[in-house]
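Scroll down for the structure; my scribbles are underneath it.
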Amino acid sequence: MKRKTVESKSSGDLSLKSSVKMTRERSLPFYEKYLLTVEEATVYYHIGSKKLTQLIKDNPKAKWILMNGKRTMIKKELFSMWLDQQSEI
Numbered sequence: 014m015k016r017k018t019v020e021s022k023s024s025g026d027l028s029l030k031s032s033v034k035m036t037r038e039r040s041l042p043f044y045e046k047y048l049l050t051v052e053e054a055t056v057y058y059h060i061g062s063k064k065l066t067q068l069i070k071d072n073p074k075a076k077w078i079l080m081n082g083k084r085t086m087i088k089k090e091l092f093s094m095w096l097d098q099q100s101e102i
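So the mapping is simple: my numbering equals the position in the sequence shown, first residue as 1, plus 13.
So, in structure tokens, the structure goes:
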């Protein structure tokens, strides 16, 4: 009987976590988001994660960077405008 309780409790937690994760992932496509994570920006802009991380380190005061705790977020529209002004990265 304890085993069933543990299984249902753990499977319930897993399904809740996975449903929350799926809801977050499916909430908005990249092109509709205001902020992108570094991982999302690498996919959206076709820039490698190392290169994007280096751009963030080289431009710490850029208006297109937003720190959310320890997570670096990229303001998509401002980064796009900044990219348009660059001749090479």
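Here a beta-carbon is modelled for each residue, glycine too, at the ideal position from N, C-alpha and C.
All of these numbers come straight from a predicted model, not from anything done at the bench.
query = Rounded C-beta distance between I69 and I78? I'm assuming under 8 Å.
reply = 6 Å
request  = Starting from the C-beta of T55, find all residues in its chain whose C-beta is less than 7 Å away, skip the five residues before and the five after it, and write them out in chain order.
outcome  = G61, S62 and L65
request  = Have a look at F92, A75 and K74 and flag the residue whose alpha-carbon is nearest the alpha-carbon of L49.
outcome  = Looking at the Cα atoms, F92 is the closest of the given residues.
message = Let me check one thing: in DSSP terms, what residues is L68 bridge-paired to?
response = Note: L68 sits in no beta bridge, so no partner.
ask   = Any idea if K89 is buried or exposed, counting beta-carbon neighbours within 10 angstroms, 16 or more meaning buried?
value = buried
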